[in-house]
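Undergrad: What the sequence shown shows, in this note's numbering, is residues -15 to 418, in sequence order.
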Amino acid sequence: MSGDPKDQRLQDSGWYYLEGGETRGPVAAAQLRRLFQAGHLGPETLLWRSGMPDWQSARALQGTTPPRTSPTDMPGPVADPAPSASAPPPDSVRRLPLLIAGAAIGVFILLGGIAIGWLLRSPATEPPASQQAAAQAAPAVPDPAPQSPSVAPEAEAAPDPVASQYQVIDLHRWFNSGVAGLMVVSQNMHYQILARLELAPRQADGTRQVTQVVEQTRLVQADEMSRATCQSALNDLVGRQFSYTLNQLDEITASPGLEPHAASQPAALLLEQAGLRVALIDEAGWRDIAQCSFQRPQPDIAEGQSWNRPVMRSWQPWGSWRGVTTYSRRGPEAAPGIRCDYVHAVSFVPSEPSGGGLALPLAGAQFQPAAATGSFVFDTERDRLVEAREVFHVKGTVTTSVTSVMGTETHLQVEERLELVIQISDQNPWLPGP
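(1) I'd like to know whether the C-beta atoms of residue 222 and residue 200 end up nearer to each other than 8 Å.
(2) For residue 220 and residue 303, I'd like the C-alpha separation in whole angstroms.
(3) Where does residue 402 land, buried or exposed, given buried means 16+ other C-beta within 10 angstroms?
(4) Start and end of the beta strand (DSSP E) containing residue 269?
(5) Any idea if residue 292 is buried or exposed, counting beta-carbon neighbours within 10 angstroms, 16 or more meaning buried?
(6) Is the beta carbon of residue 349 closer than 8 Å to that of residue 328?
(7) Distance, Cα to Cα, residue 238 vs residue 159?
(8) With distances taken between CB atoms, is the gap from residue 373 to residue 404 smaller than 8 Å?
(9) Quick one: using the 10 Å Cβ neighbour count with 16 as the cut-off for buried, is residue 414 buried or exposed?
(10) Say whether the region 186 to 194 touches the region 151 to 158, bearing in mind that this needs 3 or more beta-carbon pairs closer than 8 Å, one atom from each stretch.
(11) May I ask which residues mark the beginning and end of the alpha helix (DSSP H) holding residue 16?
(12) What does a CB cutoff of less than 8 Å around residue 146 pick up in its chain, not counting 5 residues either side in sequence?
(13) Sort 34, 37 and 30 by Cα distance to residue 475 and report the nearest one.
(14) Exposed or buried, what is residue 216 when buried is set at 16 or more other beta-carbons lying within 10 Å of its beta-carbon?
(15) Determine the contact status of residue 34 and residue 9, defining contact as a CB-CB distance below 8 Å.
(16) If the criterion is Cβ atoms closer than 8 Å, does the pair residue 321 and residue 378 meet it?
(17) Going by beta-carbon coordinates alone, are residue 277 and residue 177 separated by less than 8 Å?
(18) Identify whether residue 219 lies in helix, strand or coil by the three-state DSSP scheme.
(19) Taking the alpha-carbon positions, what's the residue 207 to residue 332 distance?
(20) Among 323, 236 and 362, which has the Cα closest to the Cα of residue 287?
(21) Answer yes or no: do residue 394 and residue 384 have a C-beta to C-beta separation smaller than 8 Å?
(22) Quick check: the Cα distance between residue 113 and residue 17, rounded to an integer number of angstroms?
(23) Pull up the CB-CB distance for residue 285 and residue 313, whole angstroms please, since I reckon it's below 8 Å.
(24) Quick check on residue 210: does DSSP put it in helix, strand or coil?
(25) Would you tell me roughly how many angstroms separate the C-alpha atoms of residue 227 and residue 179, rounded to the nearest one?
(26) Just verifying my parser: in three-state terms, what is the DSSP assignment at residue 407?
(27) What number of angstroms, rounded off, separates the C-alpha of residue 362 from the C-alpha of residue 351?
(28) In whole angstroms, give me the CA-to-CA distance for residue 294 and residue 359.
(29) Quick check: the Cα distance between residue 299 and residue 416, rounded to an integer number of angstroms?
(30) Measuring only the C-alpha atoms, how far is residue 397 from residue 149?
(31) How is the beta strand (DSSP E) around residue 358 delimited, first residue to last?
(32) Going by other Cβ atoms of all chains shown within 10 Å of its Cβ, with 16 needed for buried, is residue 151 buried or exposed?
(33) Any idea which residues DSSP pairs residue 294 with across the strands?
(34) Distance check for residue 229 and residue 194, CA to CA, integer angstroms please.
(35) Report the three-state DSSP secondary structure of residue 36 (helix, strand or coil).
(36) In the DSSP assignment, what residue or residues form a beta bridge with residue 154?
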């Protein structure tokens, strides 16, 4: 690794860890050590960084877990392997915009709902109390000496203005479920959201605040059963604001302003009365869309080279997805754009039997991704993303215990496909033309 400050920044910020079934990171080495010292992380905490084939426990990574009683003797994280053309250190490509608007299905029962979203939540870490006390005990900075009346005081620099961008979110979702070949639920929703992004100037540490304001929505298509509820929920989105914090690599580190937004309605299905939950975008989904909107290529990566980062995604109440996303630079699509493609290599991890969210006990669930791919185009002159696309298509079986009704288990065949397109522009693309 060279002495380039950018390279050192990537080394220091490249650690990910699992906490409560969620992926946290990237975090700097010093922050990781503080988490161990404070007892928030332990020897069995799973860690990952570029160059590692899979998650490993801190105990297995000698030198990663620091002693909790002697911060001055705390060893640093395991060093990265030498960088290579095929696996450079991770940078700002960390977005996994695989959010899926949820739906809950059921036969003879009321299901609670599917909530699909990539879990990339990284709550801010507070400094140790000793650091806070030291900061409070620090002597106050003395007032500057008075200036001579004959010398004009230096004018304060005007703050940088807030930059505005426009974001168009296009979501098209298909959902089908049936029992023994009989179609029970079929849902088709296609809608668009126009939002304004207000980007505050970067702070000294490289972070910046972003506010997302929903300005308009459009219902492009919806099945008869979902249309009214979907339109009402879209109308209710207008005017909502969401906020989040980006680090120096444009990765989301905090999202205190994200809120779930869903509407539910009962639906008469073929066999019995069941519940259908129409959810536009949940909390994880908003976060994924935000992260997807700030994708950028790995620095100093040539055409044909690739890099990767870990992914952990919740798909409750049935389970979660876990794996690695590999990004590849494909070269210019149209100057000055750079195109990058990516593939999510994920495996499904089912919830424990009787998992939450179902009216009757969950006996099991098995799913396989039929497609989990995406791409984005980055404008090097404007230094921002132009467009991102992703497809996530899964098929599987959910087994629920309905012995009180049928005396046996029920196997639900489930298939869901989401197509996501995000476009970023400097002008409002929905304004009427001249």
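Where is the CB? At the ideal position from N, CA and C, for every residue including glycine.
TA: Short version:
(1) It is a contact, given that the beta carbons lie within the stated cut-off.
(2) 30 Å
(3) buried
(4) For residue 269, no beta strand (DSSP E) encloses it; the enclosing alpha helix (DSSP H) starts and ends at 267 to 276.
(5) buried
(6) no
(7) A straight line joining the alpha-carbon of residue 238 with that of residue 159 spans about 31 Å.
(8) Yes, Cβ-Cβ distance for residue 373 and residue 404 is below 8 Å.
(9) exposed
(10) no
(11) 13 to 21
(12) 182, 183, 184 and 185
(13) The structure shown does not extend to residue 475, since the chain is modelled only from -15 to 418, so the question has no answer here.
(14) exposed
(15) Not a contact, by the Cβ cut-off of 8 Å.
(16) At least 8 Å separates the beta-carbon of residue 321 from that of residue 378.
(17) no
(18) helix
(19) 29 Å
(20) Among 323, 236 and 362, the Cα nearest to that of residue 287 is on 323.
(21) yes
(22) Unreliable placement is indicated for residue 113, whose pLDDT of 39 sits below 50; no coordinate value is reported for it.
(23) 5 Å
(24) helix
(25) 12 Å
(26) It is a strand residue.
(27) C-alpha separation (whole angstroms): 33 Å.
(28) 17 Å
(29) 40 Å
(30) Straight-line Cα distance between these residues: approximately 42 Å.
(31) 346 to 363
(32) buried
(33) 308
(34) 6 Å
(35) It is coil, neither helix nor strand.
(36) Its beta-bridge partners are 176 and 405.
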